[in-house]
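Chains as they are written, first to last, in the working numbering: chain A, 341 to 464; chain B, 341 to 464. We treat Cβ as the ideally placed atom computed from N, Cα and C, and that holds for glycine.
Number of protein chains: 2
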Amino acid sequence: MSPPIAEIELDEQARRALIRDVLERIGDKWSVVVICQLGDGTRRFNELSRLSEPITKRMLSATLQGLERDGLVSRTVHATKPPRVDYALTPRGASLLQIVRDLAGWAEENAAGIVEARASFDAK
Amino acid sequence: MSPPIAEIELDEQARRALIRDVLERIGDKWSVVVICQLGDGTRRFNELSRLSEPITKRMLSATLQGLERDGLVSRTVHATKPPRVDYALTPRGASLLQIVRDLAGWAEENAAGIVEARASFDAK
DNA sequence: CAGAATCCGGGTGGATACTG
DNA sequence: CAGTATCCACCCGGATTCTG
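Right, dumping it as structure tokens:
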């Protein structure tokens with residue numbers, strides 16, 4: 341017995357809602373940049389701050405917390421003086437790295453064409 | 341002669357700004373869903389509307405216009421009665437399809453783990 | 001060094017109603 | 001069928017200031 345149409349569609353919607361929910365994390369303004377930077381290895385807070393310019397500390401902090409909450413990034417505090425905090429990709433974060441790099445690569449390759457397409461579209 | 345540091349960093353920032361600018365289109369709420377649907381072939385407006393539930397017509401229209409502006413989707417109007425409009429991926433849109441599918445696949449595979457990670461993170 | 005707290009303007013996107 | 005128009009609540013993200 342197959343479930344009624346309505347039920348299938350509800351499941352489909354719930355599934356897509358979940359996917360969109362997950363993708364919204366990497367859809368925000370800075371996650372892709374930070375993930376790419378961490379793809380090269382462990383980094384400290386101010387190091388990431390410089391590498392990800394012109395991000396602000398507030399947004400870097402928020403981005404890292406979001407990524408940590410989703411289990412994509414690990415945060416390690418060293419009780420030294422001055423304090424030192426290391427960020428790195430978790431295995432799950434690393435599993436996303438290649439896709440994110442592909443995305444960034446695609447964006448770079450197509451940037452010029454897209455800028456041109458926008459200009460031509462806006463001309464009408 | 342290599343350019344001064346400041347100049348290199350400005351170029352790097354400009355390059356990243358461009359990439360982020362391009363990625364913001366697919367970072368919005370509905371583009372990934374719509375691109376995935378169009379990945380299966382040409383679709384009409386109301387067809388996309390149903391397939392992408394619970395999107396509203398307003399957001400579907402806005403999403404399609406954004407994708408068309410960037411040259412990722414083509415729009416073809418048939419002067420029939422009632423009117424009929426076909427949407428399809430352009431070659432550039434198709435070049436993005438595999439990455440978007442990878443992204444959606446990753447999101448689906450990791451959704452459960454991420455929900456769990458969030459719950460455990462929020463417990464603190 | 002590594003953040004947190006506060007303020008706030010602009011834009012995203014939902015609901016609803018209307019149109020050719 | 002394929003949209004547009006209007007209104008508006010929400011929240012993202014920048015600037016600034018403060019802290020252990």
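Length-filtered (3 minimum) beta strand (DSSP E) runs lying within the region 401-445 of chain B: Segments of the beta strand (DSSP E) lying fully in the region 401-445 of chain B: 413-418 and 424-429.
Residue burial classification, A447 of chain B (beta-carbon count within 10 angstroms, cutoff 16): The residue in question, A447 of chain B, is buried, as its Cβ has 16 or more Cβ neighbours within 10 Å.
Closer than 8 Å to chain A by CB, P423 of chain B: Chain A has no Cβ within less than 8 Å of the Cβ of P423 of chain B.
Residue nearest to V455 of chain B in terms of C-alpha spacing, selected from A:F385, A:D462, A:A357 and A:E449: Nearest of A:F385, A:D462, A:A357 and A:E449 to V455 of chain B, Cα basis: A:A357.
N- and C-terminal bounds of the alpha helix (DSSP H) containing I375 of chain A: Residues S371 to L378.
Chain B contact residues for I372 of chain A, given Cβ-Cβ distances below 7 Å: Going by the sequence as given, residue 372 of chain A is Val instead of Ile. L363, listed in chain order.
Per-residue contacts from D426 of chain B into chain A (C-beta, under 7 Å): Within 7 Å Cβ-Cβ: nothing; D426 of chain B doesn't reach chain A, min ~18 Å.
Proximity of G411 of chain B and R432 of chain B at Cβ, strictly below 8 Å: In this structure, R432 of chain B lies closer than 8 Å to G411 of chain B by Cβ.
Beta-bridge partners of R383 of chain B, as assigned by DSSP: Bridge partners of R383 of chain B: B:Y427.
I375 of chain B versus B:A444, B:R398 and B:Q353, residue with shortest Cα-Cα distance: Looking only at B:A444, B:R398 and B:Q353, the smallest Cα-Cα distance to I375 of chain B is reached by B:A444.
Under the three-state DSSP convention, the category E393 of chain B falls into: Of the three classes helix, strand and coil, the one that applies to E393 of chain B here is coil, per DSSP.
D368 of chain B (DSSP reduced to helix, strand or coil): It is coil, neither helix nor strand.
Cutoff 8 Å: D442 of chain B Cβ touching any chain A Cβ: Yes, D442 of chain B lies at the interface with chain A (some Cβ there is under 8 Å from its Cβ).
Between the CA atoms of D361 of chain B and G318 of chain B - distance to the nearest angstrom: The structure shown has nothing for residue 318 of chain B, since chain B only spans 341 to 464.
Pairwise C-alpha distance: T420 of chain B and Y427 of chain A: Take the alpha-carbon of Y427 of chain A and the one of T420 of chain B: they are about 58 Å apart.
Contact set between the region 444-458 of chain B and chain A, restricted to residues whose Cβ is under 7 Å from the partner: The residues in question are A444, W446, A447, E448, N450, A451, G453, I454, A457 and R458.
Residue from B:T416, B:L391 and B:V440 whose Cα sits closest to the Cα of Q353 of chain A: Ranking the options by Cα distance to Q353 of chain A, first place goes to B:L391.
Residues of its chain near R424 of chain B, where Cβ-Cβ distance is below 7 Å and the 5 sequence neighbours each way are ignored: Around R424 of chain B: R384 and H418.
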